[in-house]
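The sequence shown begins at 1 in my numbering and counts up one residue at a time. Even for Gly, the Cβ is constructed at its ideal location relative to N, Cα and C. Since we're looking at a predicted model, the values are computed, not measured. Since the structure comes first, as structure tokens, the remarks are kept for the end.
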Amino acid sequence: MIDARARIRSAWEGRISGCMLGKPIEVLSMRKGQDAVDAYLRGVEALPLRDYIPYDGRDPWVEPLAACCRGRIVRSEPDDDIQYTVLALMMLERWGAALTTRDVARTWLQHLPVAATYTAERAAYRILLEKGDERFPDRGEPGFDLAACADNPYNDWIGAQIRADVYGWVAPGRPHLAARLATADAQLSHRGDGIGGAVFVAVTGALIPVTSSLDEAVGGALGFIERDSAAFVAIMLGRSLAGDADGAAKIRAAYPGMSPVHTVNNLALVVWALLSHPDDFDAAIGDAVAAGLDTDCNGATVGGLWGVQGKPVPAHWLAPWRGRVAVNLAGQSELALEDLVERTFAVQAALA
């Protein structure tokens, strides 16, 4: 039987490694598209993608992220996918199951630099600063309805989905708790499918330890998603294409013109990659990243969910960053993997 601490360790390892795999080509994918991603990966002889991406020494879209490339990695570099996971852990340590959207808003103002936010999160942050009571960051009431923060043009993009993992990790077998915590976080900046993606990730993480397969966990999580939503359709699409080598291309074709950082197209890729490789971590995160769109977010989400199974993450993903987790959060610059594991396990035990 796999113990809870082992699942949490593999989840952190998988999420960080998947994020680092996707990070070098994140901007290339968003700005230049899938053809550019394919060409770069072919040019550095990285296909099929089963290890960190080499740097070719030339590409201007990859060069700023070369510290995340094979042979150059000494730590996991700061990234919002990991920073939001750390923030969620911090909030759970303080408020536990009583976490509210007001707590999330206050934590952002106290610990999250505005320059580390993007799209929906930055829009929500701006509204917090414009409308919030001056004393809110330290005490008291927000001074306005926080629901206004989600009134932004990016509220169905991927931001909330990348903030949700830890709510499932700390609630094994308790999907309703995972869903409630993920919603409290997500609804600060998102609505509709934006919240749906976050709930799905959290609930799937909560169900993996108590189901017999990843597919069974995904099926259970579907029960928490509105059946007439685009998120539900995306999950069903990804699930139907599991094992299909052309699944990524079919998913991209199903969402022509959609932003590469939208929730639903990326959610379909996550489900496809995860269910296609339940026993092969290399292939799960490799195919998720090579599929394009939001490469670091999808690598992180697939890696974290795969890790919740408690299966070991192969050593070649872990050795380069050596348990060093860099962040851009107020008062914090680098954390230790083992500390994150122990803190997450402590939260899980406190919630039990």
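Inter-residue spacing [alpha-carbon to alpha-carbon] between residue i and residue j
{"i": "A358", "j": "A120", "result": "Only positions 1 to 352 of the chain appear in the structure, and residue 358 is not among them; the question remains open."}
{"i": "R42", "j": "G18", "result": "20 angstroms"}
{"i": "A231", "j": "T211", "result": "22 angstroms"}
{"i": "A39", "j": "D56", "result": "12 angstroms"}
{"i": "N155", "j": "A88", "result": "19 angstroms"}
{"i": "M30", "j": "D339", "result": "33 angstroms"}
{"i": "Q187", "j": "F224", "result": "16 angstroms"}
{"i": "G60", "j": "R72", "result": "Residue 60 is actually Pro in this sequence, not Gly. The alpha-carbon atoms of P60 and R72 are separated by roughly 17 angstroms."}
{"i": "D3", "j": "I208", "result": "13 angstroms"}
{"i": "N152", "j": "V199", "result": "20 angstroms"}
{"i": "R9", "j": "G310", "result": "8 angstroms"}
{"i": "A184", "j": "A352", "result": "19 angstroms"}
{"i": "I285", "j": "A6", "result": "19 angstroms"}
{"i": "D81", "j": "I162", "result": "6 angstroms"}
{"i": "Q332", "j": "G96", "result": "21 angstroms"}
{"i": "T344", "j": "L99", "result": "16 angstroms"}
{"i": "A105", "j": "L128", "result": "8 angstroms"}
{"i": "A84", "j": "V166", "result": "Residue identity check: residue 84 is Tyr in the sequence provided, not Ala. C-alpha separation (whole angstroms): 9 angstroms."}
{"i": "D280", "j": "A249", "result": "21 angstroms"}
{"i": "A319", "j": "W12", "result": "14 angstroms"}
DSSP-derived helix/strand/coil call for residue i
{"i": "H262", "result": "strand"}
{"i": "S240", "result": "helix"}
{"i": "V37", "result": "helix"}
{"i": "N155", "result": "coil"}
{"i": "S213", "result": "coil"}
{"i": "S229", "result": "coil"}
{"i": "S76", "result": "strand"}
{"i": "E141", "result": "coil"}
{"i": "M30", "result": "helix"}
{"i": "I2", "result": "coil"}
{"i": "A160", "result": "coil"}
{"i": "G43", "result": "helix"}
{"i": "L21", "result": "helix"}
{"i": "G168", "result": "helix"}
{"i": "I8", "result": "helix"}
{"i": "A352", "result": "coil"}
{"i": "P48", "result": "coil"}
{"i": "P54", "result": "coil"}
Outcome for residue i when other beta-carbon atoms lying within 10 angstroms are tallied against a minimum of 16
{"i": "D35", "result": "exposed"}
{"i": "P256", "result": "exposed"}
{"i": "D287", "result": "buried"}
{"i": "G238", "result": "buried"}
{"i": "A160", "result": "buried"}
{"i": "R252", "result": "buried"}
{"i": "L65", "result": "buried"}
{"i": "S76", "result": "buried"}
{"i": "M1", "result": "exposed"}
{"i": "G143", "result": "exposed"}
{"i": "S276", "result": "buried"}
{"i": "R15", "result": "buried"}
{"i": "W24", "result": "Reading off the sequence shown, one finds Pro at residue 24, where the question assumed Trp. So P24 counts as buried."}
{"i": "V114", "result": "exposed"}
{"i": "P48", "result": "exposed"}
Any alpha helix (DSSP H) of 4 or more consecutive residues that is wholly inside the stretch 92-139: 101-111 and 119-131
Three-pair Cβ contact test at 8 angstroms for the stretch 134-147 versus the stretch 173-184: no
Alpha helix (DSSP H) runs wholly inside the stretch 262-349, at least 4 long, in chain order: 263-276, 281-290, 295-308 and 315-318
Ordered list of alpha helix (DSSP H) runs contained in the stretch 172-215, each at least 4 residues: 175-186 and 193-207
contact_flag[the stretch 44-51, the stretch 295-302] where n(CB pairs < 8 angstroms) is 3 or more: no
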